[in-house]
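For reference, the structure discussed in these notes is given below.
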Amino acid sequence: MDKIWLFMHIAGFVIGAGSVTTAYARELYFKVFPHESAKKGSLRVISPLLNIGFALVIISGWGLYSLHPQKYGTSPAFLIKMGLLVLLLINHIAINAFIRNNKEAYKFLHIFAECFSLLGWYLIIAVSLFL
């Protein structure tokens, strides 16, 4: 059962970090090639992919924690990752509920939230690897 939870956990991080990276790379592409932005269309799949990534990470994290509560309950790396994941989830909700609809009014906040979204996923991965 441990390997199934771990597979789900890794898949959730790949989906979450991958979808944020794709969205960020796409936005950078259209900033470099503005004449292509007419073909921009809508990338509606990113938010549902992030939701799937969050769901997989949270459910599998709960599963992994339930197998070894003493090990993870005292691990600083686990607590840091949990804190970062909560901040990322709040950030994701804020982007979808408030910021995206009012990009011009919250221009700095929008840029900050997108950068935090990108860096947050990779920071969690780095903490997982190095702590």
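Residues 3 to 133 (the working numbering) make up the sequence shown, in order.
A virtual CB, placed ideally from N, CA and C, is assigned to each residue, including glycine.
Reference residue i, options the options, closest by Cα
i: L125; options: A19, G14, L69 and L58; result: A19
i: A96; options: L81, H112, L87 and L86; result: H112
i: P78; options: L133, N103, L91 and F100; result: L133
i: I54; options: K105, G14 and M3; result: G14
i: H11; options: Y31, A25 and L66; result: L66
i: K5; options: G63, N103, F110 and F35; result: G63
Residue i versus residue j - alpha carbon distance
i: V129; j: K41; result: 38 Å
i: M84; j: H37; result: 41 Å
i: C117; j: L8; result: 27 Å
i: H70; j: L120; result: 30 Å
i: S49; j: G75; result: 30 Å
i: S39; j: I61; result: 37 Å
For residue j and residue i, believed in contact at Cβ under 8 Å, the rounded distance
i: L52; j: V22; result: 7 Å
i: N93; j: A115; result: 5 Å
i: V59; j: L87; result: 7 Å
i: L90; j: W123; result: 7 Å
Residue i, DSSP secondary structure in three states
i: V34; result: helix
i: R102; result: helix
i: L133; result: coil
i: T76; result: coil
i: R28; result: helix
Chain B within 8 Å of residue i, Cβ atoms only
i: S119; result: Of the protein chains in the structure, only one exists, and it is not chain B.
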